[in-house]
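Residue numbers (our numbering): 638 to 868.
Idealized CB from N, CA, C, for every residue including glycine.
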Ligand SMILES: *Cc1c(COP(=O)(O)O)cnc(C)c1O
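Following this line, the structure appears as structure tokens:
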């Protein structure tokens with residue numbers, strides 16, 4: 638099942654890239670494995686997926702430990718509580734959801750302690766439509782958080798992550814992706830040498846996200862099937 642789904646997704650990415658004049662190797666598939674078992678993750682890895690995304694720290698740590706025999710890259714994509722920053726710095730290679738200076742500083746300090754020679758890759762999470770129930774910063778908060786984060790030597794600032802507002806009209810979702818892509822280009826100079834990542838697009842909308850320039854798409858349902866218990 639998952640093998641076939643991965644092939645379908647890769648073909649869809651290639652089609653969109655052909656239409657929008659992009660190289661499909663510039664799009665990385667992040668398999669969102671929250672609620673999935675380590676057996677499912679092993680199957681996904683057998684089908685060529687190396688990058689996995691998790692939202693719940695305790696659940697993730699257990700899986701990361703059990704899967705130590707595989708060369709996987711782990712991405713944290715959930716909301717961040719400051720008492721979890723040590724675990725994030727220790728177990729993950731990426732954190733997509735940095736949204737305040739205090740969290741950035743804590744991740745930096747924790748990474749300095751546990752992996753001083755291996756900076757943690759981070760993205761700043763955008764919330765461009767001001768949705769209260771979601772984390773992320775507005776467009777006019779970007780500059781401060783970016784200037785702060787880029788000076789932290791144990792973090793490697795890679796770009797933006799966005800979860801656009803859910804609209805029944807996919808054109809409006811696409812507009813959200815386009816806005817993020819515009820900001821991503823505008824902030825490239827401040828972002829620095831490692832600024833290369835636009836993390837956007839999920840199962841329902843990844844084609845539009847790729848068309849607008851996503852470099853990481855975060856896919857759960859389309860790869861693994863529906864999640865049984867959504868937490
Ligand atoms: C769960 C989740 C996804 C994956 O969602 P699907 O619709 O199952 O593809 C992507 N990004 C974030 C931030 C998530 O929480």
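Secondary structure note for residue 804: it is in no alpha helix (DSSP H), with a DSSP letter that is neither H nor E. For residue 813, the closest of 708, 761, 718, 838 by C-alpha to C-alpha distance is 838. Just measuring C-alpha positions, the residue of 829, 742, 707 sitting nearest residue 723 is 742. In the same chain as residue 726, and ignoring 5 residues on each side of it, the C-beta atoms closer than 7 Å to its own belong to 744, 747, 748, 751, 757, in chain order.
Counting only the Cα atoms, residue 721 lies some 35 Å from residue 807. A distance below 6 Å between beta-carbons, with the five flanking residues on each side excluded, links residue 735 to the following residues of its chain, in chain order: 741, 759, 761. Taking 8 Å as the cut-off, the beta carbon of residue 861 is found closer than this to the beta carbon of residue 639. In this structure, the straight-line span from the alpha carbon of residue 642 to that of residue 678 is close to 14 Å. By DSSP's assignment, residue 797 forms a beta bridge with 761, 835.
Residue 734: member of the beta strand (DSSP E) spanning 731 to 735, first to last residue. In this structure, residue 840 keeps its C-beta atom at 8 Å or more from the C-beta atom of residue 810. Its Cα nearest to that of residue 850, the residue 836 stands out among 857, 836, 856, 863.
Taking residue 697 as the centre and dropping the five residues before and after it, the same chain places the C-beta of 691 closer than 6 Å to its C-beta, in chain order.
When only Cα atoms are considered, residue 715 and residue 771 end up about 10 Å apart. With 16 or more neighbouring CB atoms inside 10 Å of its own CB, residue 834 falls in the buried class. Checking the 7 Å criterion, the Cβ of residue 716 is out of range of every heavy atom belonging to ligand 1.
In this structure, DSSP gives residue 712 an extended state, which the three-state scheme calls strand. Your pair residue 854 and residue 666 checks out as a contact, with CB atoms roughly 6 Å apart and the cut at 8 Å. The beta-carbon separation of residue 713 and residue 689, rounded to 10 Å, does not stay under the 8 Å limit for a contact. No Cβ-Cβ contact shorter than 8 Å links residue 828 with residue 672.
At least one heavy atom of ligand 1 sits closer than 7 Å to the Cβ of residue 669. Per DSSP, the continuous alpha helix (DSSP H) segment holding residue 845 begins and ends at 843 to 848. Comparing alpha-carbon positions, the option among 754, 786, 800 lying closest to residue 764 turns out to be 800. The beta carbon of residue 815 sits closer than 6 Å to the beta carbons of 849 from its chain, once the five residues preceding and following it are set aside; these are given in chain order.
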